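Anchor point for the sequence shown: position 94 equals 376 in the numbering used here, and the numbering is continuous, going up by one each time. Every residue gets a Cβ at the ideal spot worked out from N, C-alpha and C, and that includes glycine. Since this is a predicted model, take the numbers as computed values, not measurements. Heads up: the structure comes next, in C-alpha cells.
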Amino acid sequence: MGRLPRRLGYGEEATLVEHLEELRWRIFIVLGALVVTTIVAFVFHTQILDWLNAPLPPHHRQPVTLGVAEPFIVSVTVSAYAGFLLALPIILWQIWAFFAPAFDAGSERRVLGLVACATALGLGGLAFGYFILLPRAVGWLTSYDTAQFHNLIQAKPYYSFVSTVLLGIVVVFEMPMVVLGLVYLGVLSSKTLRTHRRMGYFITAVVALGLPGPDPVTTALELLPMWILFESSIWLAVYVERRSPARYAAPTVPES
Numbered sequence: 283m284g285r286l287p288r289r290l291g292y293g294e295e296a297t298l299v300e301h302l303e304e305l306r307w308r309i310f311i312v313l314g315a316l317v318v319t320t321i322v323a324f325v326f327h328t329q330i331l332d333w334l335n336a337p338l339p340p341h342h343r344q345p346v347t348l349g350v351a352e353p354f355i356v357s358v359t360v361s362a363y364a365g366f367l368l369a370l371p372i373i374l375w376q377i378w379a380f381f382a383p384a385f386d387a388g389s390e391r392r393v394l395g396l397v398a399c400a401t402a403l404g405l406g407g408l409a410f411g412y413f414i415l416l417p418r419a420v421g422w423l424t425s426y427d428t429a430q431f432h433n434l435i436q437a438k439p440y441y442s443f444v445s446t447v448l449l450g451i452v453v454v455f456e457m458p459m460v461v462l463g464l465v466y467l468g469v470l471s472s473k474t475l476r477t478h479r480r481m482g483y484f485i486t487a488v489v490a491l492g493l494p495g496p497d498p499v500t501t502a503l504e505l506l507p508m509w510i511l512f513e514s515s516i517w518l519a520v521y522v523e524r525r526s527p528a529r530y531a532a533p534t535v536p537e538s
C-alpha cells in the first residue's frame, strides 16, 4: 500500500488492516494539527479575546472573572475553540481523503463544489453575525434597564453567548445547502417549495424573531438575509432538478 497515509484511488482495494492503519495515521495527523493550532491560538489569545470583546460597549470590554484559575481556563478554552477552527480544513481533508475512494470523479467534483459553497456561506454568516448582528444584540442587552441592574459581564457566559450566536447564524446561512440535500434525497421539490412559499416566509420570520436580536432593527437585519437565502434555496432546487430531469421526475402510475 506504500507510505501511509495515502489516499486510495477510486475502487482501489485494500485489506482491513491497511484501512485501519490508514485511519490510525489520519487520526494522528488530526490530533497533531489540533495541538499545533491550539498552541498557536494560545500564543495570540490576547488578540483573539480583544476580537471577541470588541462587540461589547467600551466600559464593558474587560469581562469579569470570579475564580483564581478562571482567567487561565477561559484563555485555554477560547484557544482550543480557535485552534479547532484553524485546524478544520486539515480535519475535513483527512476525513474526505479517507472516504474519497468510494466516490468516482464526477461525484467527487460535486461533493467538493458543495463543500466550497457551504464554506462560502458559512464565512458569510460568520461575517454577518460578527459585524452586524452581534454588536447590536450585545449593545441592546447590556444597556437594558440599567436603572435596575448593575450589569457585570462575566467572561465564560459571555464567550458562550458569542459562540452560540455566531454558530446559530452560520447554521442559518447554510439553509440553501440543507434544502439542496433534501431535494437530492427526494424529501422536497421545487414545486413543493414554490407552492408553500408564503408558509416558508412565515416560518423564516418566526425563526428570525427567535434569534438573539430583541430590537426591531436587529430583527430586520436578521430577517432580510434569511428571506434572501430562502428564496435562493427555491431557485437552487429548480436548477438542480433541471440539471437532472430524469432523476427528479414524478413517478408514473401504471394503468390498470
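Taking the C-alpha atoms as reference points, what is the distance between residue i and residue j?
i	j	result
Thr534	Pro458	Caution applies to Thr534, whose pLDDT of 47 falls short of 50 and renders its modelled position unreliable; the value that the coordinates give is listed next. Thr534 and Pro458: Cα-Cα distance of roughly 29 Å.
Ala543	Gly395	The structure shown has nothing for residue 543, since the chain only spans 283 to 538.
Val322	Thr347	24 Å
Ile309	Ala382	16 Å
Asn335	Ala384	45 Å
Gly411	Val461	21 Å
Tyr483	Pro337	30 Å
Trp375	Pro417	33 Å
Val444	Gln329	16 Å
Glu537	Ile373	Unreliable positioning characterises Glu537 in this predicted model, as indicated by a pLDDT of 49, which lies under 50. A coordinate reading is not provided.
Gln436	Cys399	36 Å
Trp333	Phe413	11 Å
Leu302	Gly314	18 Å
Leu434	Tyr426	13 Å
Leu467	Arg525	15 Å
Lys473	Ile510	18 Å
Val397	Glu504	24 Å
Asp386	Glu295	14 Å
Thr501	Thr424	17 Å
Met283	Glu304	Residue confidence for Met283 is low, a pLDDT of 45 falling below 50, so the modelled location carries little weight; the figure read from the coordinates is stated next. If I take the Cα positions, the gap works out to 10 Å.
Val393	Ser471	20 Å
Ser514	Thr446	25 Å
His432	Val522	54 Å
Leu316	Gly404	21 Å
Arg391	Gly463	16 Å
Ala419	Phe324	28 Å
Val299	His342	56 Å
Could you round the C-beta distance between residue i and residue j to whole angstroms and report it? I think they count as a contact, below 8 Å.
i	j	result
Val350	His327	Wrong, their Cβ atoms sit about 18 Å apart, outside the cutoff.
Leu448	Leu408	6 Å
What residue from the options has the CA that sits closest to residue i's CA?
i	options	result
Phe512	Arg524, His478, Phe410 and Phe380	His478
Arg306	Phe380, Leu334, Thr319 and Tyr363	Phe380
Val452	Gly406, Tyr426 and Pro417	Gly406
Val356	Ser442, Leu518 and Gly314	Ser442
Val520	Glu390, Val465, Met481 and Ala502	Val465
Ala402	Asp332, Leu316, Glu456 and Ile311	Glu456
Ile311	Ala369, Leu298, Pro345 and Arg343	Ala369
Val358	Leu503, Ser472, Ile510 and Leu331	Leu331
Pro415	Lys473, Asp386, Gln344 and Val454	Before going on, a small fix: residue 415 reads as Leu here, not Pro. For the residues Lys473, Asp386, Gln344 and Val454, the minimum Cα distance to Leu415 belongs to Val454.
Gln344	Ile485, Glu304 and Lys438	Lys438
Apply the 10 Å Cβ neighbour rule to residue i and answer buried if 16 or more other Cβ atoms are within range, or exposed otherwise.
i	result
Pro353	exposed
Tyr440	buried
Ile377	exposed
Ala429	exposed
Pro371	exposed
Leu518	buried
Leu367	exposed
Thr297	exposed
Leu506	exposed
Thr486	buried
Suppose contacts are defined by Cβ-Cβ distances below 8 Å. Is residue i in contact with residue j by that definition?
i	j	result
Gly421	Pro340	no
Val489	Met508	yes
Gly388	Thr319	no
Arg476	Ile516	yes
Can you check whether the C-beta of residue i is within less than 8 Å of a C-beta belonging to chain C?
i	result
Pro507	Within the model displayed, chain C is absent; a lone protein chain is all it includes.
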